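Asker: Pasting a structure here, questions to come.
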Amino acid sequence: MLDRLIINLNNRLVGWRRIRGLRPSEILLLLPHCLHRQSCPRNVVHSLDECRRCGDCSVGALAGIRDEFGVVACVVGGGREALVQVRNPAIKAVVAVACDKELVQGIRAAFPKPVLAVPNQTPEGPCKNTLADPAEVVKAIGLLTRT
Ligand code: SF4
């Protein structure tokens, strides 16, 4: 509950920072490993290109967003891996999908780099076959690229 309040406040603050006109290559779309359907044999942590877009999990749609908008995107196994990607100097802002707790930790760790946080859904419980709303991700990318 408190985490969700922090996330909502953070997203508003990022909006108020009036970040505009970022190039897609300056935006990192960070995806948690738990979005990947556990029964899928594709190694999407190695590369999103491994995804066959079968539609059984959210990764396919998010890989499509990466291709459509040209943002940098990766699936990470944890916070440390995510921070390595976030600290890339070419990255100016982050759109992060994760659970509330990890999003709050990530927002804090990435500061002052702006992070637009998109909470995932957990129909099968935490950390397993989670879902992300592609429309929320597109909205966040749009906020960073608007001119
Ligand atoms: S969309 Fe299909 S191929 Fe892609 S990661 Fe999900 S289950 Fe695997």
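Taking my numbering, the leading residue of the sequence shown gets 19, the next gets one more, and so forth.
All residues carry an ideal CB built from backbone N, CA and C; glycine is no exception.
Computed from a prediction, not measured in an experiment: that's the story for all the values here.
Using the rule of at least 16 other Cβ atoms within 10 Å of the residue's Cβ for burial, across every protein chain shown, is residue 84 buried or exposed?
Answerer: buried
Asker: Please state whether DSSP places residue 132 in a helix, a strand or coil.
Answerer: Under the three-state reduction of DSSP output, residue 132 falls in the coil class, being neither helix nor strand.
Asker: Is it true that the CB of residue 40 sits closer than 8 Å to the CB of residue 162?
Answerer: yes
Asker: Under the three-state reduction of DSSP, which class applies to residue 56: helix, strand or coil?
Answerer: coil
Asker: Throw me the rounded Cβ distance for the residue 49 and residue 156 pair, which I believe falls under 8 Å.
Answerer: Not a contact, Cβ separation roughly 14 Å.
Asker: Going by the beta-carbon positions, is the gap between residue 74 and residue 105 smaller than 8 Å?
Answerer: No, they are not a contact pair.
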